[in-house]
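For reference, the structure discussed in these notes is given below.
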Amino acid sequence: MKNKLLLIFVCLGTCRIATAQWTQINMQTGRWYHSSAIVEGKLIIAGGLVSGFQPINSVEIYDIEAGTWSDTTLSEARAFMGTAVLGSKVYFAGGGDLFGGISDQIDVYDASTGEWSTMNLLEPRAALSAAAVGGKLFFAGGGTISYPNYFPSGTVEIYDTSGGGGWEYDALSEARMAMAATVAGDKAFFAGGVKNNTEASSRVDIYNAADDSWDTVYLSQPRFFLSATTAGDKILFAGGTDPLSNDSDVVDIYGLNGMNWDSPATFPVEAMLIAAATLGNKACFAGGSTVDDNLSVEDPTNALHIYDPSNDNPEWEVEYMETPRVGASAAVWGNQLFISGGFNWDSLHLNSIEIYTDTTLVNATEMPAPVPELSLYPNPNKGQFSIELPRGISLPATIRLYDLKGREAVRKNARAFSQTIDVSHLQAGAYLLGIYAPDGRLVAKKRVVIAP
Numbered sequence: 018m019k020n021k022l023l024l025i026f027v028c029l030g031t032c033r034i035a036t037a038q039w040t041q042i043n044m045q046t047g048r049w050y051h052s053s054a055i056v057e058g059k060l061i062i063a064g065g066l067v068s069g070f071q072p073i074n075s076v077e078i079y080d081i082e083a084g085t086w087s088d089t090t091l092s093e094a095r096a097f098m099g100t101a102v103l104g105s106k107v108y109f110a111g112g113g114d115l116f117g118g119i120s121d122q123i124d125v126y127d128a129s130t131g132e133w134s135t136m137n138l139l140e141p142r143a144a145l146s147a148a149a150v151g152g153k154l155f156f157a158g159g160g161t162i163s164y165p166n167y168f169p170s171g172t173v174e175i176y177d178t179s180g181g182g183g184w185e186y187d188a189l190s191e192a193r194m195a196m197a198a199t200v201a202g203d204k205a206f207f208a209g210g211v212k213n214n215t216e217a218s219s220r221v222d223i224y225n226a227a228d229d230s231w232d233t234v235y236l237s238q239p240r241f242f243l244s245a246t247t248a249g250d251k252i253l254f255a256g257g258t259d260p261l262s263n264d265s266d267v268v269d270i271y272g273l274n275g276m277n278w279d280s281p282a283t284f285p286v287e288a289m290l291i292a293a294a295t296l297g298n299k300a301c302f303a304g305g306s307t308v309d310d311n312l313s314v315e316d317p318t319n320a321l322h323i324y325d326p327s328n329d330n331p332e333w334e335v336e337y338m339e340t341p342r343v344g345a346s347a348a349v350w351g352n353q354l355f356i357s358g359g360f361n362w363d364s365l366h367l368n369s370i371e372i373y374t375d376t377t378l379v380n381a382t383e384m385p386a387p388v389p390e391l392s393l394y395p396n397p398n399k400g401q402f403s404i405e406l407p408r409g410i411s412l413p414a415t416i417r418l419y420d421l422k423g424r425e426a427v428r429k430n431a432r433a434f435s436q437t438i439d440v441s442h443l444q445a446g447a448y449l450l451g452i453y454a455p456d457g458r459l460v461a462k463k464r465v466v467i468a469p
């Protein structure tokens, strides 16, 4: 049993207490090892495990602006899916259970129409990782879990959404499952993972969409069930464990500007299965737990650890959820972080969703309506669009483009009413355009779509 006082002492020395707003909503069905994503203002929570480690096909959809719920089902009951968002669609791929069950199903939800469709992987697998970059979907690694045994795959199946869609195939540098995956700019990262019953991997396979190439770098410590997300121009790979129950408090930090490693940092607590997401330019890590010698959950934490790279000397901020949890899922909409489900020994499978609101960021659901004079074309665009600013505002104005996680993607000072905006470096998908007057007031907004 790990020392429960470790978190207290570490945070007294290295953590700064943050302030924000917390609210809570509830799903009908508690679950963990599930998937979640937010697209077009809808939080989709799919699959997962319930009592007896049984997988479920339940899908619950929360309309964030309306505050209403709806529900449906996956084509197959499963947990351990790979999940990615591309444009208005979210893809729930593969999955399985702890007893050897695996799936080749890909359930696709299109938020623009509210319709579901299905596709199939060539190789069924669970605990795979998914990422979307350069108009392509990557379904990497995974395999079969027959607890306590792992049988990983090195397969990468790539679905190209352009030109009507088509499949390509590649391979990881090493077969593994339970990796951490994240995307930054035109690169997808697949980190760590488990190779067999005794070994974890330290490899990070990097796909570069700019030249359709792969590269491999290495974590400072091999581990699986780690978590990854971005913070400014850095990628953080935090926590995890290995098959021998050696829990990790290491945070490997990869700098995108120089494409090299910074010195590893220390996470405030040893933990695996942490829910991770990027809120603005901050990396957020929610919950997690140590494990015992049988890889069973010990003591889930209720801490939300936040890394802000904009500080001169970045340090961990800490907020606290109402409920400790491990195996939760995190998703971002505007200035809100939605932390859903998970497990702890008091309540078992959690149905609560704790919502952390950062009031310093743009709220995607509360931007004022656009004024009629704002003209934007073409929309959707293929990497460039033109704007006619409202004639009633003073110049110079500021043009800002945000992704749906509230992160600023483009900023331009406008000294003329006609402007051309280059977005060729951005991923396809939906964005929010804001026009700001010289005094900082947001005077107009419009939804922008970058086509694949």
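Going by this note's numbering, the sequence shown opens with residue 18, and the numbers climb by one from there.
Each residue gets a CB set at the ideal place from its N, CA and C atoms; glycine is no exception.
Values in this document were obtained by computation on a predicted structure and should not be read as measured data.
- Listed in chain order, the non-local C-beta contacts of residue 319 below 8 Å within the same chain comprise 304, 337, 338, 339, 340, 341, 342, local neighbours out to five positions each way being set aside.
- Closest by C-alpha distance to residue 112, out of 105, 247, 102, 98, is 98.
- About 6 Å separates the beta carbon of residue 203 from that of residue 150, a gap short enough to meet the 8 Å contact definition.
- Between the C-alpha atoms of residue 465 and residue 235 there is a straight-line separation of about 37 Å.
- Annotation for residue 419: the continuous beta strand (DSSP E) segment containing it runs 414 to 420.
- For the pair residue 61 and residue 78, the CB atoms are nearer than the 8 Å cut-off.
- The Cβ atoms of residue 171 and residue 192 lie closer than 8 Å to each other.
- Per the coordinates, the alpha-carbon of residue 207 lies some 47 Å from the alpha-carbon of residue 411.
- Between the region 367 to 376 and the region 392 to 403, the count of Cβ pairs shorter than 8 Å is below three; the stretches do not touch.
- It is roughly 42 Å from the alpha-carbon of residue 231 to the alpha-carbon of residue 457.
- In terms of Cα proximity to residue 41, the closest of 359, 355, 422 is 355.
- With a beta-carbon spacing of about 7 Å, residue 211 and residue 169 fall inside the 8 Å limit used to define contacts.
- Burial check for residue 108: the Cβ neighbour count within 10 Å reaches 16 or more, so the residue is buried.
- Around residue 291, the same chain offers 244, 255, 256, 302, 303, 304, 305 as residues with beta carbons nearer than 7 Å, after the five sequence neighbours per side are excluded.
- Of the residues assessed, residue 84 falls on the exposed side of the cut-off, its CB having fewer than 16 other CB atoms within 10 angstroms.
- Here residue 299 really is in contact with residue 248; their C-beta atoms are around 6 Å apart, less than 8 Å.
- The Cβ atoms of residue 364 and residue 44 do not sit closer than 8 Å to each other.
- The beta carbons of residue 284 and residue 309 sit about 19 Å from each other, so the pair does not count as a contact at 8 Å.
- Between residue 130 and residue 102, the alpha-carbon positions lie close to 15 Å from each other.
- Nearest C-alpha to residue 353 among 406, 360, 297, 328: 297.
- DSSP lists 293, 322 as the bridge partner or partners of residue 302.
- Note on geometry: alpha-carbon atoms of residue 428 and residue 47 lie some 41 Å from one another.
- For residue 270, the uninterrupted beta strand (DSSP E) segment begins and ends at 267 to 272.
- Burial check for residue 289: the Cβ neighbour count within 10 Å reaches 16 or more, so the residue is buried.
- Between the C-alpha atoms of residue 439 and residue 326 there is a straight-line separation of about 26 Å.
- Secondary structure of residue 369 (DSSP, three-state): strand.
- Taking C-beta separations shorter than 7 Å and ignoring five residues to either side along the sequence, the partners of residue 127 in its chain run 105, 106, following chain order.
- Ranked by Cα distance from residue 199, the first of 217, 135, 225 is 225.
- Going by beta carbons, residue 312 and residue 335 fall outside the 8 Å limit.
- In the DSSP secondary-structure assignment, residue 183 is bridged to 177.
- Scanning its chain for C-beta atoms nearer than 7 Å, with the 5 sequence neighbours on each side dropped, one finds around residue 163 the residues 116, 117, in chain order.
- Assigned with DSSP and collapsed to three states, residue 70 falls in helix.
- Take residue 214, set aside five residues on each side of it, and the residues of its chain with a beta-carbon closer than 7 Å to its own are 165, 166, 167, 260, in chain order.
- DSSP, read as helix, strand or coil, puts residue 362 in coil.
- Residue pairing by DSSP places residue 194 opposite 211 in a beta bridge.
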